[in-house]
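Novice: Just passing along the structure, written as C-alpha cells.
2 protein chains.
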Amino acid sequence: MRNFDVEKYLSEGAAAYGKRSDIEAMADTLTKRGYQNIVVIGIGGTWAEWAPVVQVMRHYTDLPIYLENAAELCIRTDKRFLTKESLVITASASGDTKEILAAVKMCKEMGIEVAGFTKHTETLLAKELDHIVANPCGDCEGSYLMFFLLGLRLLFQRGEFPNYIKFADQMAGLYQNLLRIREEFEPKAAAIAKSYAKEPYSIFVGSGTLWGETFLFSMCILEEMQWVRTKSVTSADFFHGTLELVEKDVPVFLFKGEDEYRELDERVERFCREFTEKLTVIDTKDYILEGIDDEFRVICSPMILTSLVTERLAAHYELTTGHSLKFRRYYRQFEY
Amino acid sequence: MRNFDVEKYLSEGAAAYGKRSDIEAMADTLTKRGYQNIVVIGIGGTWAEWAPVVQVMRHYTDLPIYLENAAELCIRTDKRFLTKESLVITASASGDTKEILAAVKMCKEMGIEVAGFTKHTETLLAKELDHIVANPCGDCEGSYLMFFLLGLRLLFQRGEFPNYIKFADQMAGLYQNLLRIREEFEPKAAAIAKSYAKEPYSIFVGSGTLWGETFLFSMCILEEMQWVRTKSVTSADFFHGTLELVEKDVPVFLFKGEDEYRELDERVERFCREFTEKLTVIDTKDYILEGIDDEFRVICSPMILTSLVTERLAAHYELTTGHSLKFRRYYRQFEY
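Chains as they are written, first to last, in my numbering: chain A, 1 to 336; chain B, 337 to 672.
Printed below as a string of C-alpha cells:
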C-alpha cells in the first residue's frame with residue numbers, strides 16, 4: 001500500500017490497545033468518584049470522533065450525555081448541566097488545540113475535574129487534566145478505540161454494557177482486521193481517487209454512527225488537507241435540499257452504516273443510483289471482522305470507515321492531486 | 337422591490353400576527369394539561385426554523401427541550417424522553433411532509449398528543465394533530481414569529497419569560513420593520529446577487545441563533561431552489577477545516593448575529609477580511625427595529641436574516657441566474 005508502513009501500523013495499534021488497562025483504571029477511578037452526567041468536549045475532528053461514541057453510549061444508557069463544541073461551550077456555559085458532579089472528558093492529540101484548552105481551563109476554574117486523552121504527559125492539555133491517558137499515535141482509529149474503551153467501560157461499571165470484557169478482549173484483533181480491510185480496499189481507493197480527486201465539488205452523505213466520520217473526512221481531511229470542495233449532509237437531510245444538486249456528473253459519496261439508520265442510507269442510495277453516474281458507496285458491512293462478534297460491528301463501523309477513507313482514500317487523493325496532506329496555508333500556521 | 341407585493345406582504349403579516357390569540361390559547365391549554373419536557377419535531381427547513389426558537393427557549397428555562405429530526409426520530413424512537421408526558425410540537429406548511437407525517441403518526445400510535453402548525457385545517461398533518469394553529473402564509477418569518485409566540489408563551493406560563501406580553505405586543509410592528517429593512521437592503525441584494533449568484537461554490541458561515549437560517553438558506557434555498565453549490569459551517573467549526581478553502585476569489589458569506597456567539601462570528605470576519613476579496617457580511621445589528629426593545633433583538637434576528645436572504649437575496653439570485661425559485665427536478669416531484 002502506498003505510503004503505508006505495515007510494521008509501524010501494527011506496532012502503533014498494539015500501543016493504542018496497550019492503553020486498555022490505563023483506560024480501564026481511569027474509568028474505574030471516575031466511577032468510584034461518581035458523577036451525575038457526562039460532558040464530552042471536542043471541536044472539529046475531535047468532536048467528530050466522539051460523536052459515534054456518544055451515540056452508541058446513549059443507546060445503552062439513560063444517563064444524560066452532552067457532546068459539546070469547545071468554542072461554543074466557553075461562550076454559553078450551561079451551569080445547569082456542567083457542574084462539579086459532571087464527568088468531563090476531552091481529547092486533543094497535539095494537546096494544544098486552542099478551544100479545547102480554553103474549555104478545560106474554564107472547567108478547572110469552576111472546580112470541575114477533567115479527564116482526557118493527549119499525545120503524552122507533557123502537552124499543554126496534559127498539564128491541565130486531572131486524569132490522563134496518553135494517546136500515542138493520535139490517528140482516528142486509535143482515538144475511536146480508546147474513546148470507546150473508556151465510554152463502554154464506564155457503562156460496564158454501571159451495569160449497562162455487560163459484554164464489555166468480551167468486547168475489549170476482541171479489540172486485540174482489531175488492527176489485524178483493519179490492515180486486511182485496507183488491503184482489500186486498496187485498488188478501490190486508487191480507482192476512486194483517480195476518478196474524483198480533481199472534481200470541483202463532491203457531496204458526502206452518511207448517518208447515525210458514521211455521521212461523525214462523514215463530517216470529519218469531508219471537512220478535516222478533504223477541505224483542510226486537500227483543498228477539495230465538499231458538502232457533507234446527513235442521509236435524512238439530503239432529501240431536503242441537497243438532492244436537487246445531483247446530476248449525472250456530480251460525485252456523491254455515500255458512507256453506508258450498520259446501525260438502525262441504514263434504511264436512510266439505502267434511500268439515498270436508491271435515489272442516487274438513478275440520478276448520478278458518479279456514485280461511490282462505501283459500505284462497512286462489506287468488510288469482515290474476524291474474531292469480533294456481530295453485536296460489536298456498529299461500534300467498529302467508524303473504525304472501518306476511517307481506515308478506508310480518512311487513511312487510505314486520503315493517501316490516494318494526495319497521489320492524484322499532488323497536494324501534500326501535511327501542508328496547511330492557515331490552520332495552526334499563525335494566530336487567528 | 338422586484339417580485340414583491342407590499343400590500344400582500346403586510347396583509348399576510350397581519351394574518352400571521354393575527355394568530356397570536358390562537359397560539360396563546362393553544363399554549364395555555366397545553367400548560368394546563370401539563371408536560372415533563374418538550375419535543376420539537378422538524379426536518380430540513382422546518383428543523384432549521386425551530387432551531388433558534390429552541391436555542392432561545394433553552395436560554396430561559398431548565399426544562400429539557402429536544403429538537404428532533406423527524407426521519408431519525410422514527411428510526412431510533414427514544415422512549416426515555418418521548419412519552420405521554422411530553423409536549424410534542426411540529427410544523428409543516430404544506431402539511432404533507434412525509435417524514436413529519438410519519439413521526440406524528442408514530443406519536444399518535446404511542447398515545448402521545450401532538451400540537452402543530454400547518455397551512456389550514458384540511459391538510460394531511462392537520463388531520464393528525466390534536467392541537468392546531470393555521471399558518472396561513474408559511475414563509476419563514478411568519479413561522480419564526482408563530483413558533484416564538486408559542487415557545488415564549490409556554491415559558492411565560494412557567495414564569496420563565498415574564499416579559500412575554502410586552503414582547504408579543506411589540507411584534508405587532510414586526511412586519512413594518514421587516515418591510516423597511518428589506519427596502520434598505522434591496523440595492524445590496526441586487527449587488528450581491530450580481531457578484532456571486534453564478535459562482536461555482538460559496539461558503540456560508542453563521543452561529544448560535546442564526547445557525548438554523550444559515551443552514552436553511554444554503555440548503556433549502558440555494559441548493560434546492562437555485563442549484564447553487566454551497567458549504568455551510570458554524571463559526572466555531574469554520575476554523576477546523578473549511579478555512580483552508582478560503583482564497584481571494586472564494587465567496588464567503590458571514591451571517592453575523594447578536595447573541596453571545598457573536599465573538600465567534602467576529603473571529604471568522606477578521607480571518608476572511610484578510611484572505612478573500614469576496615466576503616459578504618450580513619449583520620442583523622445593522623438594521624434598526626423600531627418599537628421593539630433591545631432585549632428582544634436576538635429573538636428577532638433570524639426574522640431579519642430570513643427577510644434579507646431567504647426572501648430578498650433569493651429573489652435577486654433568481655433574477656441573475658434565470659433559474660426559477662419555483663422549479664424542482666426531484667424534490668416532491670415523484671416518490672423516492
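Beta carbons: idealized from backbone N, C-alpha and C, even for Gly.
Which same chain residues end up closer than 6 Å to glycine 478 (chain B) when comparing Cβ atoms and leaving out the 5 residues on each side of it in sequence?
Specialist: For glycine 478 (chain B), where only same-chain residues beyond five positions count, the Cβ hits under 6 Å are Ala352.
Novice: Sort B:Phe521, B:Ala533, B:Val450 by Cα distance to isoleucine 618 (chain B) and report the nearest one.
Specialist: Isoleucine 618 (chain B) has its Cα closest to that of B:Phe521, out of B:Phe521, B:Ala533, B:Val450.
Novice: Under DSSP, the beta strand (DSSP E) around valine 645 (chain B) begins and ends at which residues?
Specialist: Taken as a continuous stretch (DSSP letters only), valine 645 (chain B) belongs to no beta strand (DSSP E), as it is neither H nor E.
Novice: Assuming valine 376 (chain B) contacts leucine 403 (chain B) under a Cβ cut-off of 8 Å, what Cβ separation, rounded to an integer in Å, is found between them?
Specialist: Yes, valine 376 (chain B) and leucine 403 (chain B) are in contact; Cβ-Cβ is about 5 Å, under 8 Å.
Novice: May I have a chain-ordered list of the alpha helix (DSSP H) segments no shorter than 4 residues that lie completely inside the stretch 57-87 of chain A?
Specialist: Correct list: 70-75.
Novice: Do the stretch 380-397 of chain B and the stretch 237-250 of chain A make contact, defined as three or more Cβ pairs closer than 8 Å?
Specialist: Enough Cβ pairs lie closer than 8 Å, so yes.
Novice: To which residues does DSSP link isoleucine 89 (chain A) through a beta bridge?
Specialist: Beta-bridge pairing links isoleucine 89 (chain A) to A:Val40, A:Ala115.
Novice: For leucine 615 (chain B), which beta-bridge partners are listed by DSSP?
Specialist: BP columns for leucine 615 (chain B) point to B:Val588.
Novice: Indicate whether at least one CB of chain A lies closer than 9 Å to the CB of isoleucine 528 (chain B).
Specialist: No, because no Cβ of chain A sits closer than 9 Å to the Cβ of isoleucine 528 (chain B).
Novice: My guess is that isoleucine 436 (chain B) and threonine 426 (chain B) are in contact by the Cβ rule of under 8 Å, so how many angstroms apart are they, rounded?
Specialist: Confirmed, about 6 Å.
Novice: Assuming serine 538 (chain B) and valine 564 (chain B) form a contact by the criterion Cβ under 8 Å, report the distance between their Cβ atoms to the nearest whole angstrom.
Specialist: Going by Cβ atoms, the distance from serine 538 (chain B) to valine 564 (chain B) rounds to 7 Å, so yes, they are a contact pair.
Novice: Counting only runs of 4+ residues fully inside the stretch 450-529 of chain B, write out the alpha helix (DSSP H) ranges in chain order.
Specialist: Whole alpha helix (DSSP H) segments, 4+ residues: 460-464, 476-493, 500-506.
Novice: Is it right to say aspartate 249 (chain A) is buried, meaning 16 or more other beta carbons lie within 10 angstroms of its own, or is it exposed?
Specialist: The residue in question, aspartate 249 (chain A), is exposed, as its Cβ has fewer than 16 Cβ neighbours within 10 Å.
Novice: Shortest alpha-carbon distance to isoleucine 245 (chain A) belongs to which of A:Thr230, A:Phe255, A:Gly257?
Specialist: First, the residue type needs correcting, since residue 245 (chain A) is leucine and not isoleucine in the sequence shown. The option with the nearest alpha carbon to leucine 245 (chain A) is A:Thr230.
Novice: Quick one: what does DSSP say isoleucine 299 (chain A) is sitting in, helix, strand or coil?
Specialist: Correct three-state label for isoleucine 299 (chain A): helix.
Novice: Would you please state the rounded distance, in angstroms, between the beta carbons of threonine 656 (chain B) and alanine 533 (chain B)? I believe it to be under 8 Å.
Specialist: The Cβ separation is near 4 Å, so the contact holds.
Novice: Given a threshold of 16 other Cβ atoms within 10 Å of its Cβ, counted over all protein chains shown, does threonine 29 (chain A) qualify as buried or as exposed?
Specialist: Exposed, by the Cβ-count rule.
Novice: Are glutamate 496 (chain B) and arginine 369 (chain B) touching if we call contact CB-CB under 9 Å?
Specialist: Not a contact, by the Cβ cut-off of 9 Å.
Novice: Return the first residue and the last residue of the alpha helix (DSSP H) that valine 564 (chain B) is part of.
Specialist: Taken as a continuous stretch (DSSP letters only), valine 564 (chain B) belongs to no alpha helix (DSSP H), as it is neither H nor E.
Novice: Which term fits asparagine 69 (chain A), buried or exposed, when burial requires 16 or more other beta carbons within 10 angstroms of its beta carbon?
Specialist: Classification of asparagine 69 (chain A): buried, given that the 10 Å Cβ count is 16 or more.
Novice: Using the beta-carbon count (16 or more within 10 Å), is serine 324 (chain A) buried or exposed?
Specialist: Exposed is the call here.
Novice: Give the residues of chain A in contact with leucine 600 (chain B), contact being defined as C-beta atoms less than 8 Å apart.
Specialist: Neighbours of leucine 600 (chain B) on chain A, chain order: Ala71, Glu72, Ile75.
Novice: Report the rounded CA-to-CA distance for glutamate 464 (chain B) versus glutamate 348 (chain B), giving the unit in angstroms.
Specialist: Glutamate 464 (chain B) and glutamate 348 (chain B): Cα-Cα distance of roughly 26 Å.
Novice: Distance cutoff 9 Å, beta carbons only. Does leucine 661 (chain B) sit that close to anything in chain A?
Specialist: No, because no Cβ of chain A sits closer than 9 Å to the Cβ of leucine 661 (chain B).
Novice: In this structure, how does DSSP classify phenylalanine 215 (chain A) when only helix, strand and coil are distinguished?
Specialist: Here phenylalanine 215 (chain A) sits in helix by DSSP.
Novice: What are the residues in the stretch 233-255 of chain A lying within 7 Å of chain B by C-beta distance?
Specialist: Those residues of the stretch 233-255 of chain A that come within reach of chain B (Cβ to Cβ, closer than 7 Å) are Ala236, Asp237, His240, Gly241, Thr242, Leu243, Glu244, Leu245.
Novice: Exposed or buried, glycine 658 (chain B), counting other C-beta atoms within 10 Å across all chains shown (16 or more means buried)?
Specialist: So glycine 658 (chain B) counts as exposed.
Novice: Quick check: what's the CA-CA separation for threonine 284 (chain A) versus lysine 434 (chain B)?
Specialist: C-alpha separation (whole angstroms): 28 Å.
Novice: Where does valine 104 (chain A) sit, in a helix, a strand or coil, going by DSSP?
Specialist: Of the three classes helix, strand and coil, the one that applies to valine 104 (chain A) here is helix, per DSSP.
Novice: Name the two residues that bound the continuous beta strand (DSSP E) containing serine 202 (chain A).
Specialist: Note, serine 202 (chain A): beta strand (DSSP E), 202-206.
Novice: Quick one: grab the DSSP three-state call for leucine 234 (chain A).
Specialist: It is threonine, not leucine, that sits at residue 234 (chain A) in the sequence shown. Correct three-state label for threonine 234 (chain A): strand.
Novice: Roughly how many angstroms separate the alpha carbons of tyrosine 345 (chain B) and aspartate 139 (chain A), rounded to a whole number?
Specialist: Going by the C-alpha atoms only, they are around 54 Å apart.
Novice: According to DSSP, is methionine 362 (chain B) helix, strand or coil?
Specialist: DSSP places methionine 362 (chain B) in helix when its eight states are reduced to three.
Novice: Select from B:Glu596, B:Asp622, B:Phe540, B:Phe670 the residue whose C-alpha is nearest the C-alpha of lysine 524 (chain B).
Specialist: Residue B:Asp622 is the option with its Cα nearest to lysine 524 (chain B).
Novice: Between phenylalanine 483 (chain B) and chain A, is there a C-beta pair that is closer than 9 Å?
Specialist: By this cut-off, phenylalanine 483 (chain B) is not an interface position.
Novice: Helix, strand or coil: how does DSSP classify glycine 354 (chain B) here?
Specialist: Coil.
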